[in-house]
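K.L.:
Sending over a structure as structure tokens; questions will come in a sec.
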Amino acid sequence: MSDPSRPIRTAAVIPAAGRGVRLGPGAPKALRALGGTPMLVHAVRAMAASRAVSVVVVVAPPDGAAEVRHLLNEHPLTDRTDLVVVPGGETRQESVRLGLAALPDAVDVVLVHDAARPLVPVDTVDSVIAAVRGGAPAVVPALPLADTVKQVEPQPQGTPEPVVGTPERALLRAVQTPQGFDRETLLKAHDTVVEGEGATDDAGLVERLGTPVVVVPGHEEAFKVTRPLDLVLAEAVLARRRATDGYV
Ligand code: C5P
345 MSDPSRPIRT AAVIPAAGRG VRLGPGAPKA LRALGGTPML VHAVRAMAAS RAVSVVVVVA
405 PPDGAAEVRH LLNEHPLTDR TDLVVVPGGE TRQESVRLGL AALPDAVDVV LVHDAARPLV
465 PVDTVDSVIA AVRGGAPAVV PALPLADTVK QVEPQPQGTP EPVVGTPERA LLRAVQTPQG
525 FDRETLLKAH DTVVEGEGAT DDAGLVERLG TPVVVVPGHE EAFKVTRPLD LVLAEAVLAR
585 RRATDGYV
């Protein structure tokens with residue numbers, strides 16, 4: 345539990361060290377431009393847009409921390425938010441762990457947000473923070489699925505894959521970021537769960553501790569930019585925001 349005499353401080357860790365090979369050849373994914381501004385800058389601004397977030401830790405490609413720092417200096421945040429840049433690791437889990445190691449002591453609530461989700465609205469960020477501050481140790485934003493999902497027995501490429509099951513769609517959610525955590529809980533999860541045990545998100549590590557994780561509503565504009573078509577969609581969302589909301 346946090347000390348009530350000390351203001352609760354919230355930080356966001358943004359792992360941005362991935363190569364993003366599914367987007368095609370070119371710069372690391374986080375540095376690709378969206379509406380003329382690097383995707384990472386949008387993601388940092390999306391976290392800093394929340395008045396609760398006082399620190400943003402960006403985890404840069406292992407050999408790219410200086411370049412990322414330089415880039416972010418060209419797009420300064422308001423005085424309300426501090427920015428820290430650290431070099432990342434080989435895997436997302438390692439990158440997040442390196443980001444957590446750079447958090448100031450006074451932080452009690454930690455968001456982990458993919459640089460690849462540059463357009464998450466501030467209301468989604470705030471609702472995740474509110475749920476953690478309300479007492480949930482781990483909170484994920486998520487949406488119901490449009491597609492039916494099949495479990496398959498994977499086969500080499502070109503061989504049809506046998507279906508082994510169809511989970512009930514109404515019970516499934518597609519999980520987004522930022523995921524929010526009580527700091528102690530997330531540190532324990534990263535210290536305890538061994539790399540390669542199959543968790544593809546931070547909440548998955550917390551689940552392995554047996555600690556409850558809850559879902560709050562996500563947002564369709566918090567989608568992950570993974571494939572070339574996602575860039576087209578992201579550009580369209582950005583153009584609409586610039587035309588209607590004065591978004592920069
Ligand atoms: O590859 P994927 O889209 O799942 O990556 C999710 C996020 O994790 C991205 O923001 C990516 O930059 C980050 N990542 C990282 N370090 C790695 C691999 C991925 O920070 N080694």
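Each residue of the sequence shown is one higher than the last, beginning at 345 in this note's numbering. Glycine residues also receive a C-beta, built at the ideal position from the N, C-alpha and C atoms.
#1: Measuring only the C-alpha atoms, how far is G443 from D491?
#2: What number of angstroms, rounded off, separates the C-alpha of L455 from the C-alpha of V507?
#3: From this set, G370, G379, L515 and V357, which residue's C-alpha is nearest V576's C-alpha?
#4: If I'm right that T555 touches A482 with Cβ under 8 Å, what's the distance once you round it to whole angstroms?
#5: Say the cut is 7 Å; is the CB of R436 nearer than that to a heavy atom of ligand 1?
#6: So is P369 buried or exposed if we call it buried at 16+ other beta carbons inside 10 Å?
#7: Q501 by DSSP, collapsed to three states: which one?
#8: What do you reckon, are the CB atoms on L549 and V537 nearer than 8 Å?
#9: In angstroms with no decimal places, state the Cα-to-Cα distance between P572 and R366.
#10: Between K568, V388, R441 and P359, which lies nearest to V466 when the distance is taken from Cα to Cα?
#11: Is the beta carbon of P604 within less than 7 Å of some heavy atom of ligand 1?
#12: Check whether the Cβ of G548 lies closer than 7 Å to any heavy atom of ligand 1, and answer yes or no.
#13: Going by DSSP in three states, S398 sits in which element: helix, strand or coil?
#14: Please report the residue range of the alpha helix (DSSP H) in which R571 lies.
#15: Please work out which residues of its chain come closer than 6 Å, Cβ to Cβ, to E354, disregarding the five sequence neighbours upstream and downstream, and give them in chain order.
#16: Taking DSSP as the reference, what is the three-state secondary structure of T588?
#17: What are the boundary residues of the beta strand (DSSP E) that R517 is part of?
P.N.:
Let's see:
#1: Here residue 443 corresponds to residue number 99 of the sequence shown, with the count starting at 1. Here residue 491 corresponds to residue number 147 of the sequence shown, with the count starting at 1. Linking G443 to D491 through their CA atoms gives a straight-line distance of about 34 Å.
#2: Position 111 of the sequence shown, counted from the first residue, corresponds to residue 455. Position 163 of the sequence shown, counted from the first residue, corresponds to residue 507. Approximately 36 Å between the Cα atoms of the pair.
#3: If you number the sequence shown from 1, residue 576 lands on position 232. Across the set G370, G379, L515 and V357, the C-alpha of G379 shows the shortest separation from the C-alpha of V576.
#4: On the sequence shown, position 211 is the one that residue 555 refers to. On the sequence shown, position 138 is the one that residue 482 refers to. Their Cβ separation, rounded to whole angstroms, is 6 Å, which keeps T555 and A482 in contact under 8 Å.
#5: The residue labelled residue 436 in the question sits at position 92 within the sequence shown. In this structure, R436 has its CB closer than 7 Å to one or more heavy atoms of ligand 1.
#6: Here residue 369 is taken as the residue at index 25 of the sequence shown, counted from 1. P369 comes out exposed.
#7: Sequence index remark: in the sequence shown, residue 501 carries index 157 (1-based). Reduced to three states, the DSSP call for Q501 is coil.
#8: The residue labelled residue 549 in the question sits at position 205 within the sequence shown. The residue labelled residue 537 in the question sits at position 193 within the sequence shown. L549 is a Cβ neighbour of V537, given a cutoff of 8 Å.
#9: Residue mapping note: residue 572 aligns to position 228 of the sequence shown, counting from 1. Residue mapping note: residue 366 aligns to position 22 of the sequence shown, counting from 1. Approximately 8 Å between the Cα atoms of the pair.
#10: Within the sequence shown, the letter at position 122 stands for residue 466. That would be V388, whose Cα lies nearest to the Cα of V466.
#11: This structure does not reach residue 604, given that the chain is present from 345 up to 592, and the question cannot be answered.
#12: Position 204 of the sequence shown, counted from the first residue, corresponds to residue 548. No; taking the cut-off as 7 Å, the Cβ of G548 has no heavy atom of ligand 1 nearer than that.
#13: Stepping through the sequence shown from its first residue, residue 398 is reached at position 54. Shown here, S398 sits in a strand according to DSSP, grouped into three states.
#14: The residue you call residue 571 lines up with position 227 of the sequence shown. It is not in any alpha helix (DSSP H) - R571 carries neither H nor E in the DSSP assignment.
#15: What you label residue 354 is simply residue 10 of the sequence shown in a count that begins at 1. At residue 354 the sequence reads Thr, which differs from the Glu that was named. Once the five neighbours on either side are set aside, the close Cβ partners of T354 are A396, V397, V453 and I473.
#16: Your numbering for residue 588 matches position 244 in the sequence shown. Under the three-state reduction of DSSP, T588 is assigned to helix.
#17: If you number the sequence shown from 1, residue 517 lands on position 173. If you look at R517, you'll find it in the beta strand (DSSP E) that goes R517 to V519.
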